[in-house]
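Visitor: Numbering (the numbering used here), first residue to last: 37 to 494.
#1: Could you give the uninterrupted runs of the alpha helix (DSSP H) lying entirely in the stretch 278-330, keeping only those of 4 residues or more?
#2: Return the residue from the list 452, 483 and 211 that minimises the CA-CA distance to residue 359.
#3: Leaving out the 5 sequence neighbours to the left and right, which residues in its chain are closer than 7 angstroms to residue 51 when beta-carbon positions are compared?
#4: Return the residue from the list 259, 250 and 86 that minimises the CA-CA distance to residue 57.
#5: Keeping to the same chain, check which residues put their C-beta closer than 6 angstroms to that of residue 46; ignore five residues upstream and five downstream.
#6: Which value, in whole angstroms, describes the spacing of the CA atoms of residue 464 and residue 449?
#7: Looking at the unbroken beta strand (DSSP E) that takes in residue 201, where does it start and where does it end?
#8: What is the C-beta distance between residue 89 and residue 213, in whole angstroms, given that I count them as a contact (C-beta under 8 angstroms)?
#9: Once you ignore the five residues that flank residue 114 on each side, which residues in its own chain have a CB closer than 6 angstroms to its CB?
#10: Whole angstroms is fine: what's the gap from residue 298's alpha carbon to residue 103's?
#11: List the DSSP bridge partners of residue 171.
#12: Cβ of residue 469 within 8 angstroms of Cβ of residue 355?
#13: Rounded to whole angstroms, what is the Cα-Cα separation between residue 280 and residue 70?
#14: Smallest Cα separation from residue 255: which of 120, 157, 446 and 400?
#15: Would you call the CB atoms of residue 475 and residue 409 closer than 8 angstroms?
#16: Excluding the 5 residues flanking residue 82 on each side, which residues of the same chain have their C-beta closer than 6 angstroms to its C-beta?
#17: State the Cα-Cα distance for the pair residue 176 and residue 302, rounded to the nearest angstrom.
#18: For residue 241 and residue 94, what's the separation of their Cα atoms in angstroms?
#19: Between the Cα of residue 483 and those of 424, 193 and 442, spot the shortest distance and give me the residue it belongs to.
#20: Could you tell me whether the stretch 336-353 touches the stretch 396-416, where touching means 3 or more Cβ pairs closer than 8 angstroms?
#21: What does the alpha-carbon distance come out to for the pair residue 154 and residue 420?
#22: Would you identify the three-state DSSP class for residue 264, choosing helix, strand or coil?
#23: For residue 380 and residue 43, what's the separation of their Cα atoms in angstroms?
#24: Excluding the 5 residues preceding and the 5 following residue 91 in the sequence, name in chain order all residues of the same chain whose CB lies nearer than 6 angstroms to its CB.
#25: What do you reckon, are the CB atoms on residue 341 and residue 229 nearer than 8 angstroms?
#26: For residue 348 and residue 336, what's the separation of their Cα atoms in angstroms?
#27: According to DSSP, simplified to helix, strand and coil, what is residue 437?
#28: Would you mind stating whether residue 324 and residue 248 have Cβ atoms separated by less than 8 angstroms?
#29: So which of 320, 374, 106 and 97 has the shortest CA-CA distance to residue 467?
#30: What are the partner residues of residue 38, as DSSP defines its beta bridges?
#31: Would residue 62 and residue 225 be called neighbours here (beta carbons separated by less than 8 angstroms)?
#32: Since residue 101 contacts residue 288 with CB under 8 angstroms, what's their CB separation in whole angstroms?
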C-alpha cells in the first residue's frame, strides 16, 4: 500500500511530518526563549533566538521551484526531498554535541570553537563582541544552529505541503488539515513542556540530541512507505516512476511562468497579502507574552513553558480540530474571519487588563492560541483550494512562506525599544482585524471553475 492509495496511511504520514516540525518549533520559540529571559537576557537580546528561528521559513519560496523542478520520480515526487530535509534537521541538532558544554546560558557565557568554526557564526548579530576569535557567545551559537535547522525544516514543510496538495482529495482537505495542524500542536506541546522538563533535569545538550533522535525515527517511517504504488522504496530496490509528472527535470522558468499565471487572478494574488498580514499578530504575541508573564507577573520561565504547553496548546488543539471540521461545512472564509475576530478581541482585552495585578493571565493562552488555530486551518484549506495551475505546490508554498514573513515582522515589532507592553498588545489586536478587509474580497469558487475549465481543455 502507498500514501496515494490509502487514506489512513497518507493522513498518518502527513500528521507525523507536521509533528516533526512542531516539537523543535515549540522548543525554540517558547521554552528556549523563556529560559534565556529567565537567565537574565532582555527581551530584545533573547529575541534573536525567535527571530533567527522564524527567518528561514521566509525562504520557503526558494525551495518550492527547486522541488517542482528537480525530482526523483522513481522514489516519488516529494518523498526524497522530505527525507533529505529530515536528515539535515537531525544533523544540525546532533552537531551541537561537538561544540562542548552549553550548560551555562547566562549573559556573557561563551563556547570555544576552532577559529574556522567560529567564523561560520560571524554573520549572526553580536558574534563580533567576543574578545577571542575562537569564542562564540552561547546565545549566538544557538541562534546560528537553529537558523540552519529551520532552513531544513522549511524544506521539509514545503515538500510536505506539496505532497498534501498532490494526494489529498477535495472532500478531505479541511478535515485532514485540522488533523495535520493538531499534530503540529501536539509536537509543539512535546517541544514546549517536554523540552522544559529535559532542560531542567538533563541540560541543553541532551535535550537537543533527544530531539534529533525523534526526527530520525519519523524519517524511518517515511522511508518505509511509498508515495505511490509501484515506486521504489529505496534507490536500489525495484520499482519505477508512476506519476503523470514523471520528468526528473523541469525548467524552473516554466514553474515560475505557471506561478505568475496562477497569481494573475485577484483572488490568488490578494491571498499573498492576506497570508502576510494574518501572521503579524501571532508574531508579536510569541516574544511579548513570554516577556510579560515572566517580568510582569513574576512567573518562572519553565512554569510559563508548561502553561503554554498545556493550556495554550490545549486551546490551540481544540481550535484546529473544530475549525477543520467546520470549514468544510460552513465555509473557509467565515471560519477564518471568526478566528481573526477572536484573536483581536483577546489581545485588546488583555492590553486593557494588563495593569490589573490581581488577574490571572493564564486565560490568554488557550483563548488567543485557540482562535489562531481556528483561523489557520481554514486558511490552509482555502489556499489549497485556490491553487490551480501545474505549479500548484509552488503557489501554496508562496502563501506559507510569506505567512512566516508576517510572523517575522511581528517579532521585530515586539522588539522595538521603549514601547510599552500594553501598546504592543493593542497593536497585536488591531493587526488581527486588518485581514478581514481582504478576506471577503476573495472568490475561491471562481478559481475552482477556472481550474475545471483548464483541465477540460487538455
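All residues carry an ideal CB built from backbone N, CA and C; glycine is no exception.
Guide: According to the structure shown:
#1: 288-298 and 302-313
#2: Taking the chain shown and counting its residues from 1, the one referred to as residue 359 is at position 323. If we check each option's Cα against that of residue 359, 211 comes out closest.
#3: Within the chain shown, residue 51 is the residue found at index 15, counting from 1. Contacts found: 215, 216 and 219.
#4: For the purposes of this step, residue 57 is taken as the residue at position 21 of the chain shown. Cα-wise, what sits closest to residue 57 is 250.
#5: For this step, residue 46 is matched to residue 10 along the chain shown. Within the same chain, residue 46 has close Cβ partners 39 and 203.
#6: Taking the first residue of the chain shown as position 1, residue 464 is located at position 428. Taking the first residue of the chain shown as position 1, residue 449 is located at position 413. Roughly 9 angstroms separates the two Cα atoms.
#7: To locate residue 201, count along the chain shown from 1; it is residue 165. First-last for residue 201: 174-203, but that is the alpha helix (DSSP H), not the beta strand (DSSP E).
#8: Mapped onto the chain shown, residue 89 falls at position 53. Mapped onto the chain shown, residue 213 falls at position 177. About 23 angstroms; that fails the 8 angstroms criterion.
#9: As a position in the chain shown, residue 114 is number 78, starting the count at 1. Excluding residues within five positions, the ones whose Cβ falls inside 6 angstroms are 195, 198 and 199.
#10: Along the chain shown, read from residue 1 onward, the residue named residue 298 stands at position 262. Along the chain shown, read from residue 1 onward, the residue named residue 103 stands at position 67. Whole-angstrom Cα-Cα distance: 18 angstroms.
#11: The residue labelled residue 171 in the question sits at position 135 within the chain shown. Residue 171 is bridged to 148.
#12: As a working mapping, residue 469 is identified with position 433 in the chain shown. As a working mapping, residue 355 is identified with position 319 in the chain shown. For residue 469 and residue 355, no; Cβs fall outside 8 angstroms.
#13: Indexing the chain shown from 1 puts residue 280 at position 244. Indexing the chain shown from 1 puts residue 70 at position 34. In this predicted model, residue 280 has a pLDDT of only 48, less than 50, meaning its place in the structure is not dependable enough to derive any value.
#14: As a first step, residue 255 is located in the chain shown; it is residue number 219 there, counting from the start. If we check each option's Cα against that of residue 255, 120 comes out closest.
#15: Along the chain shown, read from residue 1 onward, the residue named residue 475 stands at position 439. Along the chain shown, read from residue 1 onward, the residue named residue 409 stands at position 373. Cβ atoms of residue 475 and residue 409: not closer than 8 angstroms.
#16: Taking the first residue of the chain shown as 1, we reach residue 82 at position 46. Taken in chain order, the residues that qualify are 69, 72 and 73.
#17: What you label residue 176 is simply residue 140 of the chain shown in a count that begins at 1. What you label residue 302 is simply residue 266 of the chain shown in a count that begins at 1. Using only the alpha carbons, I get a separation of about 42 angstroms.
#18: Taking the chain shown and counting its residues from 1, one reaches residue 241 at position 205. Taking the chain shown and counting its residues from 1, one reaches residue 94 at position 58. Rounded to whole angstroms, residue 241 to residue 94 spans 28 angstroms at the Cα level.
#19: As a first step, residue 483 is located in the chain shown; it is residue number 447 there, counting from the start. Among 424, 193 and 442, the Cα nearest to that of residue 483 belongs to 424.
#20: yes
#21: In the chain shown, counting from the first residue as 1, residue 154 sits at position 118. In the chain shown, counting from the first residue as 1, residue 420 sits at position 384. Approximately 43 angstroms, taken between the alpha carbons.
#22: The residue given as residue 264 occupies position 228 in the chain shown. Residue 264: coil per DSSP, three-state reduction.
#23: Position 344 of the chain shown, counted from the start, is the residue given in the question as residue 380. Position 7 of the chain shown, counted from the start, is the residue given in the question as residue 43. Cα-Cα distance, rounded: 36 angstroms.
#24: Start at 1 with the first residue of the chain shown, and residue 91 comes out as number 55. For residue 91, where only same-chain residues beyond five positions count, the Cβ hits under 6 angstroms are 444.
#25: Stepping through the chain shown from its first residue, residue 341 is reached at position 305. Stepping through the chain shown from its first residue, residue 229 is reached at position 193. Yes, the Cβ-Cβ distance between residue 341 and residue 229 is below 8 angstroms.
#26: Within the chain shown, numbered from 1, the residue matching residue 348 stands at position 312. Within the chain shown, numbered from 1, the residue matching residue 336 stands at position 300. Their Cα atoms are separated by approximately 16 angstroms.
#27: On the chain shown, position 401 is the one that residue 437 refers to. Helix.
#28: As a working mapping, residue 324 is identified with position 288 in the chain shown. As a working mapping, residue 248 is identified with position 212 in the chain shown. No, they are not a contact pair.
#29: Taking the chain shown and counting its residues from 1, one reaches residue 467 at position 431. Ranking the options by Cα distance to residue 467, first place goes to 320.
#30: Taking the chain shown and counting its residues from 1, the one referred to as residue 38 is at position 2. Partner(s): 262.
#31: Walking along the chain shown from the start, residue 62 turns up at place 26. Walking along the chain shown from the start, residue 225 turns up at place 189. For residue 62 and residue 225, yes; Cβs fall inside 8 angstroms.
#32: Here residue 101 is taken as the residue at index 65 of the chain shown, counted from 1. Here residue 288 is taken as the residue at index 252 of the chain shown, counted from 1. The Cβ separation is near 5 angstroms, so the contact holds.
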